[in-house]
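Q: Handing you this structure, nothing more for now.
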Amino acid sequence: MTVEGGEPGDRKPFVAVLAANTVSIAGTSLTMIGVPWFVLDTTGSAGRAGVVAFCATLPVVVSALVGGPLIDRIGRRRVSVASDLVCGLAVGAIPLLHYAGALEFWMLCALMAIGGLAHTPGMTARYVLMPDLAAHAGTTLARAASLFEGVSRGARMTGTALAGVLIALLGAEAVLLLDAATFAASALLVAAGVRGVRAAEPQKAAVPVSFTTYRRELREGYVFLLRHRLLLAIVLMVMLTNGLDQGWSSVLLPVHAKDNLGGATDLGMLAAIFGGCALLGALLYGAVGERFPRRVVFTVAFLLCGLPRFVVAALVDGTAALAVTMAAGGLAAGMLNPILTTVTYERVPQELRSRVGGVTTAGCELTMPLGGLAAGLLVEEAGLVTALLVVGGAYFLATLSPVVFPSWRTMDDVTGNLSSSEPSRPSSPARPEPAPRP
């Protein structure tokens with residue numbers, strides 16, 4: 056892989072993007088805990104918490120569906136910086152309006168929607184930069200993927216733990232203000248640290264910019280994904296589990312913590328345990344994971360991180376048993392994204408990464424808006440225990456996919472070569488860009 060811009064062996068851009076992503080994800084984790092708790096505190100309604108989750112995630116899918124080609128045109132660095140600034144303003148406005156006594160429920164939904172719309176392009180831009188920056192820094196793709204996932208998991212652990220403590224001490228509003236500051240810090244890191252890297256700058260179009268060109272480039276991403284059986288299978292499975300995870304994190308776990316556990320502190324602690332063990336799992340996979348068959352590790356890990364936490368939350372009293380279960384599930388979950396990231400990088404041509412990345416991200420997040428909404432309505436109609444068991448059962452069925460469907464057998468093909476039924480090159484001129492993150 057050839058990386059343009061900067062001096063060979065220069066790790067500063069690689070470190071800057073890792074740091075920016077770490078800060079941004081830590082802030083997002085604050086929101087993940089702070090917003091549901093803020094809604095439950097101010098309204099007492101699991102249904103409304105689900106509505107807010109729907110409003111926050113639907114624009115994420117929309118922007119991922121149509122935004123891939125735009126990242127190439129605008130530039131990855133600019134997209135990342137602009138995304139963080141918009142997210143920071145949207146999140147920061149929530150507590151400020153609340154302090155002023157002017158925050159209506161529809162305003163909260165609208166601000167979360169704005170943040171969701173801006174969030175995905177920035178994440179995609181940083182994610183797609185990693186292969187170029189990793190090669191430029193002299194590290195392998197598998198190690199870079201594991202490191203990227205490891206620091207992301209660590210950031211989630213830190214953010215969620217801090218959120219629980221801050222909510223208990225200062226209230227959810229303080230958590231959201233801190234989140235706004237983390238977005239500003241992330242924007243500054245990318246603006247300063249990735250300056251002069253040609254792969255991060257706007258890509259000149261090979262043909263004049265027009266709606267026809269944009270539509271063709273967007274179509275290339277969809278066609279590639281639909282013809283690549285393994286990537287399509289991954290997207291369909293992760294699409295289902297992401298929706299169920301959204302219901303867990305935005306409604307089911309917060310309601311369980313508020314009603315049956317020790318409140319925001321336990322919520323933050325459980326999320327931090329899961330994130331910390333996921334960090335350990337990602338680092339463990341980066342160190343020794345390549346020695347084992349990917350499909351076996353992936354399947355076992357997904358089974359461990361899915362159903363058990365739902366069953367324990369539904370049927371076992373207290374925090375201790377759930378903490379142990381989430382520790383085991385987190386360790387397993389940490390191994391998933393390094394595998395998926397490596398598989399995606401191996402199989403998607405450099406010139407199609409932005410297009411396929413946007414489509415893959417959109418597909419993986421397609422059910423997330425419905426996940427939070429459905430979980431909230433299910434809790435209000437059937438009760439928390441029933442909701443936990445129903446969602447957990449659906450999760451278990453989804454995680455059987457690698458065992459049932461033959462397309463998953465090619466996951467261990469480390470050459471990255473495509474089968475004869477899968478396109479190896481784009482059908483028309485394209486530019487290098489971001490690969491999506493399941």
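In this note's numbering, the protein residues as written are 56 to 493. From the three backbone atoms N, C-alpha and C, an ideal C-beta is built for every residue, glycine too. All values reported here derive from a predicted model rather than from experimental measurement.
Any idea what DSSP makes of F451, helix, strand or coil?
A: Here residue 451 refers to the residue found at position 396 of the sequence shown. If DSSP states are grouped into helix, strand and coil, F451 belongs with the helices.
Q: Looking at the structure shown, is P91 part of a helix, part of a strand, or coil, going by DSSP?
A: Walking along the sequence shown from the start, residue 91 turns up at place 36. Residue state, collapsed to three classes: helix.
Q: Return the residue from the list D96, R131, F329 and I289 that minimises the CA-CA distance to V183.
A: Walking along the sequence shown from the start, residue 183 turns up at place 128. When only C-alpha atoms are compared, the closest one is R131.
Q: Who are the near neighbours of A319 in its chain, counting only those whose CB is closer than 6 Å to its CB and skipping five residues on each side?
A: The residue you call residue 319 lines up with position 264 of the sequence shown. Only W92, G219, I222 and A223 meet the Cβ criterion.
Q: Determine the direct distance from the alpha carbon of V141 to that of M87, and round the result to whole angstroms.
A: The residue given as residue 87 occupies position 32 in the sequence shown. The residue given as residue 141 occupies position 86 in the sequence shown. Distance between the alpha carbons of M87 and V141: 17 Å.
Q: For A326, report the span of its alpha helix (DSSP H) as first-last.
A: Your numbering for residue 326 matches position 271 in the sequence shown. Its alpha helix (DSSP H) spans residues A319 to V343.
Q: Only counting the same chain, and skipping five residues up and downstream in sequence, which positions put a Cβ closer than 6 Å to that of L166?
A: By 1-based counting over the sequence shown, the position of residue 166 is 111. If we look at L166 and ignore the five residues flanking it on each side, its Cβ neighbours are A145, A148 and I149.
Q: For H283, does the three-state DSSP call read helix, strand or coil?
A: Your numbering for residue 283 matches position 228 in the sequence shown. Coil at H283, not helix or strand.
Q: Could you pull out every residue in the same chain whose Cβ sits closer than 7 Å to the Cβ of L232, ignoring the five residues on either side in sequence?
A: Here the question's residue 232 lines up with position 177 in the sequence shown. Excluding residues within five positions, the ones whose Cβ falls inside 7 Å are G147 and P150.
Q: Check E488 in the structure and name its three-state DSSP category.
A: Here the question's residue 488 lines up with position 433 in the sequence shown. At E488 the pLDDT is 31, less than 50, meaning the model places this residue with poor confidence; the figure from the coordinates comes in the next sentence. In this structure, E488 counts as coil in the three-state DSSP scheme.
Q: Can we say the region 326 to 342 touches the region 279 to 297, given the rule of at least three CB pairs closer than 8 Å?
A: Judged by Cβ distances under 8 Å, the region 326 to 342 makes no contact with the region 279 to 297, as fewer than three pairs qualify.
Q: Taking only the alpha-carbon atoms, compute the straight-line gap between V106 and L428 and give it to the nearest angstrom.
A: As a position in the sequence shown, residue 106 is number 51, starting the count at 1. As a position in the sequence shown, residue 428 is number 373, starting the count at 1. Going by the C-alpha atoms only, they are around 5 Å apart.
Q: Determine the closest residue to V70 out of S207, A168 and V366, with distance taken between C-alpha atoms.
A: One-based indexing of the sequence shown puts residue 70 at position 15. For V70, the nearest C-alpha among the options comes from S207.
Q: Between the alpha carbons of V434 and Y450, how many angstroms are there, rounded?
A: Counting from 1 along the sequence shown, the entry for residue 434 is found at position 379. Counting from 1 along the sequence shown, the entry for residue 450 is found at position 395. Spanning the two alpha carbons is a distance of roughly 17 Å.
Q: Is S462 close to the ligand SAM? I mean its beta-carbon at under 7 Å from any heavy atom of the ligand.
A: Because no ligand of any kind appears in the structure shown, any question about the ligand SAM cannot be addressed here.
Q: Quick one: what's got a C-beta closer than 6 Å to A111's C-beta in the same chain, skipping five residues either side?
A: The residue labelled residue 111 in the question sits at position 56 within the sequence shown. The answer, listed in chain order, is M167 and G171.
Q: Label A261 either buried or exposed according to how many other C-beta atoms from any shown protein chain fall within 10 Å of its C-beta, with 16 as the threshold for buried.
A: As a working mapping, residue 261 is identified with position 206 in the sequence shown. Unreliable positioning characterises A261 in this predicted model, as indicated by a pLDDT of 47, which lies under 50. The coordinate reading is nonetheless provided below. Counting Cβ neighbours within 10 Å, A261 comes out exposed, since fewer than 16 surround it.
Q: Note down, in chain order, each residue of its chain lying with its Cβ closer than 6 Å to the Cβ of F203, except the 5 sequence neighbours on either side.
A: Start at 1 with the first residue of the sequence shown, and residue 203 comes out as number 148. Excluding sequence neighbours, F203 sits near M185.
Q: Smallest Cα separation from L287: which of S462, L334, L359 and G99?
A: Translated into the one-based positions of the sequence shown, residue 287 becomes position 232. The residue with the shortest Cα to Cα distance from L287 is S462.
Q: Take L377 and list the residues in its own chain whose beta-carbon comes closer than 6 Å to its own, dropping the five residues that flank it on each side.
A: Within the sequence shown, numbered from 1, the residue matching residue 377 stands at position 322. So the list reads V367 and A368, once near-sequence residues are dropped.
Q: In terms of alpha-carbon separation, which member of C360, G102, D187 and L217 lies closest to G82?
A: Residue numbering aside, residue 82 sits at position 27 when the sequence shown is read from its first letter. Closest by alpha carbon: L217.
Q: For L295, which residues of its own chain have a beta-carbon under 7 Å away from its beta-carbon, when the five flanking residues on both sides are left out?
A: The sequence position of residue 295 within the sequence shown is 240, counting from 1. Taken in chain order, the residues that qualify are T422 and A453.
Q: Once you ignore the five residues that flank F160 on each side, which residues in its own chain have a CB closer than 8 Å to its CB?
A: Stepping through the sequence shown from its first residue, residue 160 is reached at position 105. Closer than 8 Å at Cβ, skipping near neighbours: T98 and R103.
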